[in-house]
Amino acid sequence: MPEQRIVLAGTEERDLTQLAAYREVGGFEALAQARSTEPQQLLDDLLASGLRGRGGAGFPTGRKASFIPKPDQTPKPIYLVVNADESEPGTFKDREIMFSVPHRLIEGCLITAHAIQSQNVFIYIRGEYLHEFEVLRAALEEVRNAGLLGDVTVVLHRGAGAYICGEETALLESLEGERGQPRSKPPFPAISGLYASPSLINNVETMATVPQIVAMGAKAYAKVGVENSSGTRVFSLSGNVANGGNYELPQGTTLRELIYDFGGGIPGGRELKAIIPGGSSVPVLTADQIDTPLDFDSMAEAGSMLGSGAIIVIDDRCCMVQLGLRVAQFYMHESCGKCTPCREGTRWMVQILDRIEEGAASQGDLDLLLDVCDRILGKCLCPLGDAAAMPVASYIDRFREEFQAHLDSGCPMHGESSLEGIFAPVDQHAHDPVADEVTA
Amino acid sequence: MSSLHHEIQEVVALYPESRSATLPALRLAQERFGWLPPEAFREVADALGETPAYCVAVASFYDMFHLEPVGRQLVEVCTNVSCALVGAQQVLEAFEQELGLHPGETDADGEFTLRTVECAGGCGWGTVVAVNHRYRERVSAADVPGIVAELRGDQADA
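These protein sequence lines are chains P and A, in that order.
Residue 348 in the numbering used here is what sits at position 348 of the first sequence, and the numbering runs on without skipping anything.
Every number in the numbering used here is 1000 more than the matching position in the second sequence, counting from 1.
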């Protein structure tokens, strides 16, 4: 399949970061069209397009928008919140959308705001994305000066370094000036979200797709891709691959096409060992699953998930125990600490995996590790704990012999693994006497 | 009233509730002080109508707020899976050698802090290194001496 640019359309030919350039390729025509359309019609079109959320969960965008009460059904303001807190390891697509077509994201926000009859948009962008923030801020200023905002207020809000804030209710907490800890649901954000008001929370790629759906028509968009997975995805390709980067392709493109035709295959004459198909939180696929199509249903059939569309390619130099350890370290570091199974369980996972890698584990440790994973899965307010348990359990399931070899005689890679010596971040939040002085 | 106080008031005006300005206010204070010392928390709390303890509680949750002094140049190396697969460890070791610092340390004259970070969002272009949050991508261990020399040059020019 050829590359098909819808979200990133126009960026291959020219720089679209200036409003004038974006307008020359038809920018903001969809907004004008949408504003002369009844909000309900736009919601129907979103549903008909088959668009599903691009953040990871894949919930139908039109249906989510339809849960928002109408202005005459609520005394409260209605909020549109854009999740630009892209942090799932392997994922860097929203970043490219923001630095290459910032106006398309803003246009999508304004169309969606019209559809749900909201006058208040917040874009929560992860704090590390400084350049993208500056590009987006400049774009927003242009849009404001051009009088395109109408009666809508758009506020860019920067995060400050916390993976968990990509979880929608943690994001709302953070946006309200709190520690980013998830809320229990219900109530769902559609009813009681930001400032306890009806809130629609959508991913950057989802929002940047909306103007294109309006421009090409919902039916035409629905024809791109495959059943239950319409349209394109901006796939983030990384790891042991010659040409890492973002590739916008129709859903249903196979992993083989992405990795070999677009990514140039695996460098150094190495063998493919494993593929993480949807960001580090999803179950791993083995090399023989290379022909799996990149769509929601096919990935589910293959025993994994499309997630955020981040494909990490792993060659035969990688020790799967070390991979599990590095992934578990990440989720341990990012656990907000609210739910016990996640807070304690991720730490247990790291300790057991460390023992296994060191060759100091007993046979029972493997069962203990699986048991800990099982005691995390589905038992927390948000999916962060699951995001650690699912991949690690899958590594054991699919590479059991390698784990067993560690138990029998230590790491079979003998210090030659590509992840040898992996460094988890040093905790910058060590107990600090200065902070204590303030609280005293 | 300090200019920081006024800047925070301007940010507060963007939100229906002033507490929403906590993160932006802490960022403004950190830009002012270089990190978040006790007086920064007092000023932020004062401007927001919160307690210093509340502001410390929020700040301590987020990786980008510094509760202890950091160097004028913050060098961050991503060591998450995608970068690690293409040599982030070697890049980090090269920075350790060139800067004479272990991750988490700041040099004696307060110029450099070296630390490792979780996924920076440049996975296909690893290894990602951020210097004061400006990304450098496809960094290999061999590039590091040149980068450090360049950064030291910036220091000399300053």
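All residues carry an ideal CB built from backbone N, CA and C; glycine is no exception.
For clarity, every value in this text was computed on a predicted model and none was experimentally measured.
Option in the options with minimal Cα separation from residue i
i	options	result
Arg63/P	Val284/P, Tyr260/P, Asn202/P	Asn202/P
His103/P	Arg137/P, Gly303/P, Glu357/P, Glu401/P	Arg137/P
Gln117/P	Pro89/P, Ala65/P, Glu86/P	Ala65/P
Tyr163/P	Gly345/P, Gly180/P, Glu96/P	Gly180/P
Ala113/P	Ser174/P, Ser199/P, Glu128/P	Ser199/P
Gly231/P	Ile312/P, His131/P, Leu237/P, Tyr221/P	Tyr221/P
Asp1143/A	Pro1103/A, Glu1118/A, Asn1132/A, Gly1087/A	Gly1087/A
Val1075/A	Thr253/P, Ile311/P, Glu128/P, Asp315/P	Glu128/P
Val204/P	Glu167/P, Ile106/P, Thr153/P, Gly268/P	Ile106/P
Gly303/P	Gly265/P, Asp397/P, Arg343/P	Asp397/P
Pro383/P	Phe235/P, Asp367/P, Glu334/P	Glu334/P
Glu96/P	Glu358/P, Thr11/P, Ala393/P, Ala218/P	Thr11/P
Asn1080/A	Thr1113/A, Glu1007/A, Ile1008/A, Gly1121/A	Gly1121/A
Arg1152/A	Phe1095/A, His1005/A, Leu1023/A	Phe1095/A
Glu357/P	Ile422/P, Phe67/P, Thr340/P, Ile311/P	Ile422/P
Ala215/P	Ala21/P, Gly410/P, Val25/P, Gly264/P	Val25/P
Gln1073/A	Asn1132/A, Gln1030/A, Ala1084/A	Asn1132/A
Phe399/P	Lys70/P, Cys318/P, Met98/P	Cys318/P
Gly161/P	Gln1097/A, Ser1002/A, Cys1083/A, Thr1116/A	Thr1116/A
His1006/A	Arg1019/A, Ala1025/A, Ala1057/A, Pro1016/A	Ala1025/A
Bridge-paired residues (DSSP) for residue i
i	result
Pro293/P	Thr254/P
His157/P	Tyr124/P
Ile275/P	Leu285/P, Val313/P
Ile201/P	Val81/P
Gly239/P	Val313/P
Glu1076/A	Arg1115/A, Ala1130/A
Glu248/P	Val234/P
Pro60/P	Arg52/P
Val226/P	Ser229/P
Arg1138/A	None, per the DSSP bridge assignment.
Residue i and residue j closer than 8 angstroms at C-beta
i	j	result
Ala387/P	Ser298/P	no
Ala274/P	Leu285/P	yes
Asp315/P	Ile213/P	no
Leu19/P	Ala146/P	yes
Ser100/P	Leu156/P	no
Val1148/A	Val1091/A	no
Gly1126/A	Ser238/P	yes
Asp295/P	Ser229/P	yes
Gln4/P	Val143/P	no
Asp72/P	Gln119/P	no
Lys93/P	Gly309/P	yes
Arg375/P	Gly337/P	no
Cys380/P	Pro341/P	yes
Glu227/P	Val7/P	no
Val81/P	Phe122/P	yes
Leu1014/A	Arg1032/A	no
Leu171/P	Tyr79/P	no
Thr206/P	Lys185/P	no
Leu366/P	Val350/P	no
Thr254/P	Pro283/P	no
Arg183/P	Gly159/P	no
Ser1020/A	Glu176/P	yes
Gln322/P	Ser394/P	no
With 16 other Cβ atoms within 10 Å as the buried cut-off, status of residue i
i	result
Arg52/P	buried
Asp436/P	Note on Asp436/P: pLDDT 39, under 50, position unreliable in the model; the coordinate value appears next. Looking at its Cβ environment, which holds fewer than 16 other Cβ atoms inside 10 Å, Asp436/P is exposed.
Val438/P	Low local confidence applies: a pLDDT of 42 at Val438/P is under 50, so the model's placement there is unreliable, and no value is given.
Met305/P	buried
Asn240/P	buried
Ser87/P	buried
Gly90/P	buried
Asp408/P	exposed
Gly415/P	exposed
Asp1063/A	buried
Glu167/P	buried
Gln251/P	buried
Phe67/P	exposed
Asp85/P	buried
Gln363/P	exposed
Thr209/P	buried
Ala218/P	buried
Closer than 7 angstroms: residue i CB and nearest the ligand ADP heavy atom
i	result
Pro187/P	You won't find the ligand ADP in this model; it holds no ligand whatsoever.
At 4 residues or longer, and completely inside the stretch 14–46 of chain P: list those alpha helix (DSSP H) runs for me, N to C.
19–24, 29–35
Length at least 4, wholly inside the stretch 311–394 of chain P: the alpha helix (DSSP H) runs in chain order:
320–334, 340–358, 363–376
Which runs of the beta strand (DSSP E) fall wholly inside the stretch 90–121 of chain P and span at least 3 residues, in chain order?
none
Secondary structure, beta strand (DSSP E): runs of 3+ residues fully inside the stretch 1024–1078 of chain A
1073–1078
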